[in-house]
Amino acid sequence: MYLKLLISGLALGSFYAIIALGFSMIFGVTRVFNLAHGELLLAGGYVAYVACERFGLGFWPSVPISVLALILLGVILYRVFRAIKEPLELNTIVFTFGLVIALQNLFLIFFSADYRILTTPEWSTTIEIFNVSFTRGHLSMFLTAFISVSALYFVLRHTFWGKALRATIQDREAVGLLGIDVEKNSILAFLGGIALVGLAGPFFASFHYIHPTGGIEATLIAIIVTIVAGVGHVRAVIWAGWGMGLLENLVTTTLGAAFREGVTSLVLIAILLYKPCGLADNQ
Amino acid sequence: MALLEVDKITTYRGSQKVLDSVSFSVEEKTMVGIIGPNGAGKTTIFDAISGFFKPGKGRISFERIEITHFPPHRIAKMGLGRTFQIPRPFKEQTVFENVLLGHLMSRPGLIDPDEVITETNIILEKLELSSKKERLAGELTLSEQRRLEIARALATNPRLLLLDEVAAGLSPAAIDRLVNLLKQLNSQGMTIVIIDHFLNLTMQLASNVVVLDSGRKIAEGRPDEVLNMRLVRDAYLG
Amino acid sequence: MKVITLTLRLHQRFFPKVLTVTGFILLLFLVPLLAIQSSFLLQVLSTSFLYAALSLSWNLLAYSGHISLGHAAFFGLGAYGSALFALNFDTDPFTSIWAGGLAGALLAAFSGILFARLRGAYFALATLALVEIPKMIADNWVSLTRGSLGLLNIPPFKLPLINANSNLTIYLVNLSSLTILLLVVALILNSRWGWALRALRQDEKVSMTIGINSNFYTLITISVSGFGAGICGAIFAHSIGIIEPGMVFSLHYSALPMVMALFGGRFSVIGPVVGSLVLTLLDQFVFQPIFPSGHQILYGLAIMITILFMPGGLMGLLGARKHGITGS
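Residue numbers (our numbering), protein chains in the order written: chain A, 41 to 323; chain B, 832 to 1069; chain C, 9 to 336.
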């Protein structure tokens, strides 16, 4: 029984790690505090929903569609974010708060308040590995997370572009002076982050019901994980993501789903009190 | 009497010592210069004195009262005014309002509007800012913003002024006017401590100079003595 | 007190502005006589007055530089505080709303102390998370609040000679509370308190060097802001008669006051009021008919447009200087 909790917690945590990395990539280079992160996740979910339920595509084909849709949206968003003036963190958090409301209502208009889910019956089937049974769903989540995070880690650590990106996160101005194209870095990192969200969207829509106001929760968790792990620290994000996944699972099973949001909020407040500078310390 | 006493102030940032047992005192009605190469800790010691952080070790006293752990606003109300290296005016307020704020906030209790307006105007006059008093502070030139910093600090009716690099970036003519102004303030009883990395003001104004390097005090004395020391020259050039 | 005199002396065109606003408010008191036909208009205006008051409360805190994304916490607690007070002590609304206000103030003071070291976006984030706590308590302390079943039969407002909780009653209650709050906020912002807030918003560190006690001013400001929001929540509870946690602790009551203050002009005293009137009327008469289920998209768009193109809001476009001693 505990093993099952552990596995589902880790699967959930892997999902959290992906969206936290997305948030991290977006914030790291552009300093946009994207409060609408969860709503973007929902957008990906709704796109996948439409692809699967209305057009009859399977789960896996819907993933690149979701990624593509998000990237297109991301290009528009990037242009808009560029126009926001200092102080960036505060102005973008307010602006994206507006985006949250706008997107929530857009979802209401197009999808109504109904709860929807991507049906993936093949995911309930289990596979036995080392005498432990995993569902296909869990495995898919693990695998996707593993591949994407490893790829990201490799790129950040071992390619020139990745190193330039990390340097940009640390000191934008200095990097510009070194002749590295900060602008190009920015947009690539931003879209990379958005792509990660697009990747996670279909999973989000298949693991639980999506509805217009279901995004805030995901945003808060992404923020918690990013603050705890530090911006751009890929490995720490995995650990923090898993930690949150296990915690959420624990709360849901012991206290009940009603307490989950409350606990998430308490964790966020606790983290903020511990690290008042939040995302600013990058060591 | 020593108006300000800084006693063995030591503070760390992480594991690095930013200030190492710095001690000096400032006699009433004198002008003291604090000089040293970049990163010596000059602004840091100002931050400690004006209460923006609590030093790891050491004590600071103002008018014989220990202020080491006092919050900044309390120290300001005791009569210790301060300016910043890069001017920080209230950009959305006019020049007049900036100085007014200095006056209003440092004195609790009832005020007399006429008196306040008059005094603000006097200070503006003294700092040659009267013609610009209706302009928004953000629109001033550097020299004017520097003067506004001083004006606003003056409005708090301080006994001791901490001036951080007031002369940096100014033309020789502006520096001359500044020197005259400070001489005038000093002769009227104001004690002044100036951080003066570029040595624009020290020779002409200071009766005592404190030299910092890498967080430590490496020399103290009269300007002509100190500036001739090998130690000090090496610190600046090395 | 004297500082207010000083401020008003410095302020140009003060009298014309005050006259305009006073005249407008008097006009609003007379609207019911003219609009007997359209009770819908009365309702919409009532709602806008409630939001205006909430928005004014929000803006008081924002004036100091602290942007709150969680005012629903104070609003909701005010609603519950007042309702519970009235139901348990058998009082009328005009008494119990003060309990609601007090509840809002206490929570606000508590969060002000708790979040004292947080700034900017992190303070905003903390306030966003804050809402869950009173909501969780209201949901789960079933013996006190009946949990998600909510509270019923909350005593309505009763004015002499008018039916209880009629459109007219609620209209007058909301308009009166708005007027009083407007007066309070105007007095605060034109006094030494207001000057301290302006300074703190622009540069906290420098403000401290001229003697402004940042923690003190933040604390009293957030408390008054919470009090105002609590009163609004209380009025809401008694006007509707039924409340439950998801309804009063919703993002809606955190978002709307902010949107209206920003859109109307957060650097002026009446900006929030202007924003509320304009947006509520737009929402109910234009957006609602076109998008029955997603009409609130207006508010999202309003925030985004304000941040991008008019940071000073409508009043900013009309020439209100950012320093805001243009008191109207």
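Using N, Cα and C, we set each Cβ at its ideal position, and we do this for glycine too.
Treat the numbers as computed from the prediction; the structure is a model and nothing was measured.
Residues G89, S90 and F93 of the same chain have their beta carbon placed closer than 6 Å to that of A107/C, with the five preceding and five following residues left out of the count. Residues of the same chain with a CB within less than 8 Å of the CB of L208/C, apart from the 5 flanking positions on each side, are S72, G73, S215, I220, S222, Y225 and T226 in chain order. Around I141/C, the beta-carbon contacts reaching into chain A at under 9 Å are G302, S305, L306 and I309. For T187/C, the enclosing alpha helix (DSSP H) has its first and last residue at N175 to L197. Within the same chain, Cβ atoms closer than 6 Å to the Cβ of G933/B are found at R983, A986 and T987, the five residues on either side in sequence being excluded.
If the five residues before and after R966/B are omitted, its C-beta is found closer than 8 Å to the C-beta atoms of T925 and V926, all from its own chain and listed in chain order. Counting only the Cα atoms, S231/C lies some 19 Å from P280/C. Put simply, the segment 199–207 of chain A does not touch the segment 79–92 of chain A. Fewer than three CB pairs are less than 8 Å apart.
Along the segment 871–897 of chain B, going in chain order, the ones with a CB nearer than 9 Å to a CB of chain C are S881, G882 and F883.
For the segment 143–156 of chain A, the beta-carbon criterion of a distance under 9 Å to any beta-carbon of chain C is satisfied by L143, Q144, N145, L146, F147, L148, I149, F150, S152 and A153. Under the rule that a run must span 4 or more residues, the alpha helix (DSSP H) segments found entirely inside the segment 225–305 of chain A read 256–269 and 274–294.
The beta carbon of I157/A is closer than 6 Å to those of Y249 in its chain, skipping five residues each way along the sequence. Taking one beta carbon from each stretch, the segment 852–866 of chain B and the segment 1018–1030 of chain B have 3 or more pairs nearer than 8 Å; the two touch. Taking C-alpha positions only, V139/C is separated from E301/A by approximately 10 Å. Contact check for A907/B against I218/C passes: the beta carbons are separated by less than 9 Å.
Counting along the chain, the unbroken alpha helix (DSSP H) around V87/A starts and ends at H77 to Y89. Residues of chain C with a Cβ closer than 9 Å to the Cβ of T987/B are, in chain order, T217, I218 and G219. For R206/C, the closest of V192/C, I188/C, L189/C and T229/C by C-alpha to C-alpha distance is T229/C. A residue is called buried once 16 or more other Cβ atoms fall within 10 Å of its Cβ, and R977/B is buried on that count. Contact of V120/A with chain C is assigned, a C-beta pair being separated by under 9 Å.
The shortest CA-to-CA distance from P265/C to any of F57/C, F23/C, T30/C and V26/C is the one to F57/C. Collapsing the DSSP output to three states places S846/B in coil.
The three-state reading of DSSP puts T28/C in helix, counting H, G and I together. In the DSSP assignment, F174/A falls within the beta strand (DSSP E) that extends over V172 to T175. Closer than 9 Å to the CB of Y59/C there is not a single CB belonging to chain A. Residue pairing by DSSP places I1025/B opposite G864/B and L994/B in a beta bridge. Taking a C-beta cut-off of 7 Å against chain C, the contacting residues of the segment 126–139 of chain A are P127, E129, L130, N131, I133, V134, F135, F137, G138 and L139, listed in chain order. For A235/A and L62/C, the gap between their C-alpha atoms comes out near 39 Å. For G872/B against L850/B, the beta-carbon gap comes to about 5 Å, under 8 Å, which counts as contact.
Taking a C-beta distance under 9 Å as the contact criterion, N289/A and S106/A do not qualify as a contact pair. A straight line joining the alpha-carbon of Q304/C with that of T184/A spans about 36 Å. Proximity of V193/C to chain B, defined by a Cβ-Cβ separation below 9 Å, is not satisfied. Counting C-beta pairs closer than 8 Å gives fewer than three between the segment 116–130 of chain C and the segment 181–191 of chain C, which falls short of the contact rule. For L992/B against G912/B, the beta-carbon gap comes to about 5 Å, under 8 Å, which counts as contact.
Taking a contact as a CB-CB distance under 8 Å, the pair F73/A and A129/C counts as one, their CB atoms being some 5 Å apart. Of F151/A, V90/A and L228/A, the smallest CA-CA separation from T253/A is found for F151/A.
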